[in-house]
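Taking full-length UniProt numbering, the leading residue of the sequence shown gets 1, the next gets one more, and so forth. First up is the structure itself, then whatever we jot down about it.
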Amino acid sequence: MATFGTIGEFREDEGSWSQYIERMGHYFDANSIVDGGRKRSILLSVCGASTYKLMSSLTAPRKPGEVDFQELVELMTDHRDPKPSVIVQRFKFNSRARKPEESISTYIAELRRVAIECKFDTILDEMLRDRIVCGVADDRIQRRLLAEPTLTFEKAKDIALAMELADKNTADLREQNQRSDMVNKIAFAGGRRMPTQRQFSEKHSRCGRCGEGPHKQGADCPAIDRDCFRCGKKGHYVAVCKARGTKEDKRKVTHQQRKQASSNKSRTYQIAEEEEEEESETYGLFQHSVNKAKPPPYMTKLSVKGKEVNFQVDTGSAVTIINEETWLSHWSEKDRPILNDSTTRLRTYTKHLVDIVGECEVTVCYENQTVRVCLIVARGGGPNLMGRDWLDVIRLNWREIYLVKVENDVSSLIADYNELFAPELGKLKGVEVDLDIDEGASPRFLKARPVPFALRNRLDEELDRLLANDIIEPVQYSNWAAPIVPIVKGDGSIRVCGDYKTTINSAARSDTYPIPRVEELFARLANGKQFSKLDLSHAYQQLVLSEKSRELVTINTHRGLFRYKRLPFGVSTAPSVFQRTMESLLAGIPGVAVYLDDLLITGESTEEHLKNLKRVLDVLHEAGLRLKKEKCAFLKDEVDYLGHTITAKGLHPTGDKVEAITKAPEPTNVKELRSFLGLLNYYGKFMHDLASTLEPLHRLLRKETKWQWGKEQGDAFARAKKLLQSTRVLTHYDPKEQLILACDASPYGVGAVLAHKFSDGSEKPIGFASRTLNSAERRYSQLDKEGLAVVFGVKRFHQYLYGRKFDIITDHKPLLGLFGEKKAIPQMASPRVQRWAITLAAYEYRITYKAGEENANADALSRLPQESTIGDPPVPGDIVLLMDILEKTPITPSRVRIMTDKDPVLSRVRNFVMHGWVSSHELKDEAFGPYLNRKDELSVHEGVLLWGARVVLPPKCRDQMMEELHDAHPGIVRMKTSARGCVWWPQIDKDLERKVKSCEKCQAHQRQPSKAPLHQWEYPSKPWSRIHVDYAGPVEGKILLVVIDAYSKWMDVHITTKSTSEATIEKLREVFATHGLPNTLVSDNGPCFTSDEFAKFMKMNAINHIRGAPYHPATNGLAERAVQTVKGALRKMSGPLHTRLSRFLLSYRTTPQATSKQSPAELLMNRKLRTRITSVLPDVNATVEKKQFAQKIAHTTHALREFNVGDDVLVRNYARGNQWLPGKITDRTGPVCGQCQCRRCDTKMEASC
């Protein structure tokens, strides 16, 4: 069947994706295609290979053919044509001016296109009218439009189109299409007359319009569409005006020394005159086309008669001219030189006369030059021109003038890319980053670390900001999770950092993409004259992670799990990934060096440099990236890059590498001298005649020598420092050699040495660094000082270390536990140490210990530090990250082992278990009795004594463990059950009972159990089959909705302010969204449960709703018991209501139930929740039915009541009147329930025995 029209493949240069889909929609309409499958097939067939590839990426893991047509269109629209910002679109609309050679109709059409996303709605016509008037770029049309008192959009469009058409028709009437070039000249009146027409070829007649030739009076004449300044008519110049003498010249004359100026030509002057006619124009010299863009002029500043005046340098002007406005404003009437009549006549390129006020001689100063020259004053406010007469006698600093022009070019270039320097986070378009991990790597899921309440609100704000900026997204489940470490920044805000050292970094596959060597980067910058340096803002986070990689960087917070959608800081493979991405993005652009987030651009000339810079900015802008403007530098003669200073002459090492040696102070005591000599001896094998040089210094080390530092010692100290800076000691940075960073701290300074370790085992330094400590830092502990030294060295030599593997050498062993490459960021450390650990997490290093005497090089720098100018910052209070108030750390195996070593009984028992028991007669101490009875069941694992699978706690750990078990006041039975899963010590049961009985809160809230006949609900066959609900409260002004599962005893408690049907349904929906719909729901007869709205909710969700008998709460006993448990626990605990409730629910859900012997979490979720109490719970040994049978036997001592149909009974009356009413059973509705017919009132009512 024939089709109408064709649709080609999508091409970006032919239109947007939205326009392409719009055309395709017309194609479908024309061919009556309505089936979505056919539409999808046609789209995928004609869209083109590149578009199909993009669709495959957007729909992965599904194929494009598996996605609906409408979804495909939406995915591509979101990617190709994302919804633009209304603010930005309105800015573009208000900035859109008519371009050169652009017609009025085209301009209006473009305005309508830009206005589509501006949402002007009812004011669209007004905005279009205003934009036409302001942006038409034609003075005649603009003045004509502004003259209209009531201007509408339609009227403005008609006037502009009519005037444009009139100009076009006038041009069509011209006989020829070319104009002759006009040559300006200057004539001096010194007895000579102006050139006449006889100087032109005799073959051509004089033109009656302009007075010149040779040309015909047609299209070639420049005066054809010009206005006469004398008579006001169009088509001729003043020189040939026939109305001379009939109309006065209306040009302004404001100065008392006004003289009639003679006409002459000057191609670089601009005249501003007052015209009679509305459509007169201002003509700039050499302005052959009104719409042609002009390059910015060269400007210079000169001192004229003591006043600074800006001049435009113009080698085309024979004389120097200053405008009348400058002449009058810069000098008072008393200081102003007297003007003489000028014999010079000036004429513009259009043959118009220049009105000259006069001329005078002035003194001009420029830098070290002073000259006296002639200055011409012209009427008006045109530019001040420095002509050839001044240029002959004044030598300008052209380099300075050129730099001003270059700075203007750079400023203009930056202005064109304002969006590139916008503060919002950029997003690399079309590229997604994959993070590779080793095959078979086991996922690591770490629990969230507790957050102090003081930081929780600020942390929430930061998480909300990351969510709003589309950097993270919430998830419910993840196999990978890293805890976060909230870092407080200087302004008080929080920075969220993931501790990936023990998760993805330990499983990540090493990225083989090489970080470029310094030599490779500098080779790309060869022959460069000037250099520009660009810095990417939030570099890593501008890269989007692929869907499969996002799970690997999931973070675990107090608000649940979030995964990063952007490449986060702290991932070990991030540098290589970012380097590969940036090099691929900027490939093919000459004069560009890329080192991670630093870009260096150059060129063999300024023009080439700007061209390369513009290409880089174009690529970054199209890619959607953002730059940090304050860290960028443009067109600099020298820049510091990777530890070198780069200039047009080549590379030079930066002086800061040896600054710590050159500025090292002289020793003031023997200890400082010993440290300095230790540094020299460390590199002594590279120095010749060292002993002779240091002999004056060694004399001061003798015991019998009194300390006296003189000139001889000062000279020896200076020579020793020169030896350290010599090429025999220092080596150049080589990316192939192993890097070592040695760090050390003294009570008043820190020092670091960056060195290469060669294959023969020798070390040669690359650079030295040191600084003194300020007053706050001197109060640091020695641990913090040593940590500061490491961080100082890493930051100082960042450009050498980042992206490379290196070794950190320290003589402080505790740092290995804090900063170890495989160690998690320390949770209980101070914020300062945590910040340092996060800083080091971005580097690939190995930290090793070396004794102090072997770390002499760094030790010397720390004891002779370079004077620093670091101020004394306010000392922040060290806040330990705790959950509520945690006075003691959790009990760990290492702590148990240490306490066991110190206990005289348990240490011997452990020894007996490992090496054999002695006879019972030798163990007369009764303390060994409990262990001797269990000697065959005792074992030792990693130094910890075990009884079966339970840890035998030493006495010093027992009180804390009982506090942990009693944290939520669960009661004696629950405490014993929890303890039996993990710990044991002699008489543990009695200790736990004593703990509960001594607890004032537990005793104050003790409740006597109620006695009632027991009838059990049928035990459900699966979790969440039957649930019981009830309201508790009010509790502190709030109402609690309690939901409990009959199978697992899992409890959910929701805080609400009202107990209406609507509020109940809303909370139950939240519960059902997590656990699903139950088969049965049991409640009491509260109004919220008996309403029609609630009944409809139950019916629509196919839930069987059972209500208990009135005034008989035992029917819903499970919920009633849960309410008592919740309210009792909340009363016993302290703190905010939400916090107490959360702590109680965690304790309840993880504590084994008396019925099932398993915790609610295990029965509902089939897994144990991890808590602070490490518990290994036994399997369910007794069935639920056996326990129920035992409970029933326990109640057989009470006589159970029952009734049958027809029995006479007394019914409890809860209304007014007699308490008991006679009646007869008419029907049994349950084992202990039925309907009763009351004899006196003849009414039926529900009854329960």
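Note that beta-carbon positions come from the ideal geometry of N, C-alpha and C, so glycine has one too. Remember, predicted model here, so these are calculated numbers, not experimental data.
Between which two residues does the beta strand (DSSP E) holding PHE806 run? In the sequence shown, the residue the question calls residue 806 occupies position 806. Segment 805-810, the beta strand (DSSP E) holding PHE806.
Enumerate in chain order the residues of its own chain whose CB-to-CB distance from LEU1137 is below 6 Å, with the five nearest sequence positions on each side excluded. On the sequence shown, position 1137 is the one that residue 1137 refers to. So the list reads GLU1036, once near-sequence residues are dropped.
Fully enclosed by the segment 740-773, which alpha helix (DSSP H) runs are 4 residues long or longer? none
Using a threshold of 7 Å, is the CB atom of ARG144 nearer than that to any non-hydrogen atom of the ligand ZN? As presented, the structure is devoid of all ligands, the ligand ZN included, so that no description of it is given.
Roughly how many whole angstroms lie between the Cα atoms of LEU694 and PHE717? Within the sequence shown, numbered from 1, the residue matching residue 694 stands at position 694. Within the sequence shown, numbered from 1, the residue matching residue 717 stands at position 717. So the two alpha carbons sit approximately 8 Å from each other.
Under 7 Å Cβ to Cβ from ALA842, same chain only, skipping five residues before and after it: list those, please. Taking the first residue of the sequence shown as 1, we reach residue 842 at position 842. PHE569, GLY570, listed in sequence order.
What are the start and end residues of each continuous beta strand (DSSP E) run of 3 or more residues lying completely inside the segment 912-971, in chain order? 938-941, 944-947, 950-952
DSSP on MET582, reduced to helix/strand/coil? As a first step, residue 582 must be located in the sequence shown, where it is residue number 582. Of the three classes helix, strand and coil, the one that applies to MET582 here is helix, per DSSP.
Buried or exposed by the 16-neighbour rule on C-beta atoms within 10 Å, applied to TYR748: As a working mapping, residue 748 is identified with position 748 in the sequence shown. With fewer than 16 Cβ atoms within 10 Å of its Cβ, TYR748 is classed as exposed.
Keeping to the same chain, check which residues put their C-beta closer than 7 Å to that of ILE21; ignore five residues upstream and five downstream. Taking the first residue of the sequence shown as 1, we reach residue 21 at position 21. Excluding positions up to five away in sequence, the list reads VAL73.
Given 8 Å as the limit, is there contact between the segment 1073-1089 and the segment 1101-1110, that is, 3 or more CB pairs closer than that? Judged by Cβ distances under 8 Å, the segment 1073-1089 makes contact with the segment 1101-1110, as three or more pairs qualify.
On a CA-only basis, which of PRO1231, GLN1237, THR1229 is nearest PRO1222? Give me that one, please. Here residue 1222 refers to the residue found at position 1222 when the sequence shown is read from its first residue. Comparing Cα positions, the closest option is GLN1237.
Alpha carbons only, please: which of LEU385, ALA1161, LEU596 is nearest the one belonging to TYR298? As a first step, residue 298 must be located in the sequence shown, where it is residue number 298. Per the Cα distances, LEU385.
Distance check for ILE132 and ALA160, CA to CA, integer angstroms please. For the purposes of this step, residue 160 is identified with residue 160 of the sequence shown, where counting begins at 1. For the purposes of this step, residue 132 is identified with residue 132 of the sequence shown, where counting begins at 1. Distance between the alpha carbons of ALA160 and ILE132: 9 Å.
Looking only at DSSP bridge pairs, what is GLN369 linked to? The residue labelled residue 369 in the question sits at position 369 within the sequence shown. Note: GLN369 sits in a beta bridge opposite TYR366.
For ASN264 and ASP341, I'd like the C-alpha separation in whole angstroms. Stepping through the sequence shown from its first residue, residue 264 is reached at position 264. Stepping through the sequence shown from its first residue, residue 341 is reached at position 341. The pLDDT assigned to ASN264 is 37, lower than 50, so where the model puts this residue is not dependable, and the model offers no usable value.
Residue environment, ASN612, which counts as buried when at least 16 other CB atoms sit within 10 Å: Against the sequence shown, residue 612 aligns to sequence position 612. Classification of ASN612: buried, given that the 10 Å Cβ count is 16 or more.
Going by DSSP, what residues sit across from MET386 in a beta bridge? Counting from one through the sequence shown, the residue named residue 386 turns up at place 386. Per DSSP, VAL313.
Counting C-beta neighbours from all protein chains within 10 Å, is the total for VAL474 16 or more, i.e. buried, or is it exposed? The residue you call residue 474 lines up with position 474 of the sequence shown. Residue identity check: residue 474 is Pro in the sequence provided, not Val. Exposed.
Please state whether the Cβ-Cβ distance between ALA166 and ARG129 is less than 8 Å. Locating residue 166 in the sequence shown gives position 166, counting from the first residue. Locating residue 129 in the sequence shown gives position 129, counting from the first residue. Not closer than 8 Å, so no.
Determine the contact status of PHE797 and LEU754, defining contact as a CB-CB distance below 8 Å. The residue you call residue 797 lines up with position 797 of the sequence shown. The residue you call residue 754 lines up with position 754 of the sequence shown. Yes, they are a contact pair.
Taking C-beta to C-beta, are VAL553 and ILE504 nearer than 8 Å? For the purposes of this step, residue 553 is taken as the residue at position 553 of the sequence shown. For the purposes of this step, residue 504 is taken as the residue at position 504 of the sequence shown. Yes, they are a contact pair.
Beta-carbon gap between VAL750 and PHE806 smaller than 8 Å: Reading the sequence shown from its first residue, position 750 is the one you call residue 750. Reading the sequence shown from its first residue, position 806 is the one you call residue 806. In this structure, PHE806 does not lie closer than 8 Å to VAL750 by Cβ.
Presumed contact (8 Å Cβ cut-off) between SER894 and ASP901, rounded CB distance: Here the question's residue 894 lines up with position 894 in the sequence shown. Here the question's residue 901 lines up with position 901 in the sequence shown. Contact between SER894 and ASP901 is absent: CB atoms are separated by about 11 Å, not below the 8 Å threshold.
Per-residue DSSP class, three states only, for ILE891: Indexing the sequence shown from 1 puts residue 891 at position 891. DSSP places ILE891 in coil when its eight states are reduced to three.
For the alpha helix (DSSP H) holding PRO1160, just list the boundary residues, first then last. Numbered from its first residue, the sequence shown carries residue 1160 at position 1160. Unbroken alpha helix (DSSP H) run through PRO1160: 1160-1165.
Three-state secondary structure (DSSP) at MET1133? Your numbering for residue 1133 matches position 1133 in the sequence shown. DSSP places MET1133 outside both helix and strand once states are collapsed to three, so it counts as coil.
On the CB-based measure, 16 or more other CB atoms within 10 Å of its CB, does LYS39 come out buried or exposed? Position 39 of the sequence shown, counted from the start, is the residue given in the question as residue 39. Buried.
Local conformation of residue 1254 per DSSP, three classes: Residue 1254 lies beyond the residue range present for the chain, which begins at 1 and ends at 1249; the question has no answer from this structure.
Pop quiz: CYS118 and ARG90 are said to be a contact at Cβ under 8 Å. What is the actual Cβ separation, rounded to whole angstroms? In the sequence shown, counting from the first residue as 1, residue 118 sits at position 118. In the sequence shown, counting from the first residue as 1, residue 90 sits at position 90. The pair is a contact, with the Cβ atoms about 5 Å apart (cut-off 8 Å).
LYS39 lies in the alpha helix (DSSP H); which residues open and close that run? Against the sequence shown, residue 39 aligns to sequence position 39. Residues 36-46.
Going by beta-carbon coordinates alone, are VAL362 and TRP390 separated by less than 8 Å? By 1-based counting over the sequence shown, the position of residue 362 is 362. By 1-based counting over the sequence shown, the position of residue 390 is 390. No; because the gap between Cβ atoms is not below 8 Å, this pair is not in contact.
Which residue marks the beginning of the alpha helix (DSSP H) containing LYS636, and which one marks its end? Locating residue 636 in the sequence shown gives position 636, counting from the first residue. Counting along the chain, LYS636 falls outside any alpha helix (DSSP H), though it belongs to the beta strand (DSSP E) covering 633-636.
For ASP1045: DSSP bridge partner residues: Start at 1 with the first residue of the sequence shown, and residue 1045 comes out as number 1045. Per DSSP, ILE1027.
Name the DSSP bridge partner or partners of VAL299? Locating residue 299 in the sequence shown gives position 299, counting from the first residue. Going by the sequence as given, residue 299 is Met instead of Val. DSSP output for MET299 lists GLN312 as bridge partner(s).
If you follow the beta strand (DSSP E) that TRP1220 is part of, which residue opens it and which one closes it? Counting from one through the sequence shown, the residue named residue 1220 turns up at place 1220. Note, TRP1220: beta strand (DSSP E), 1220-1228.
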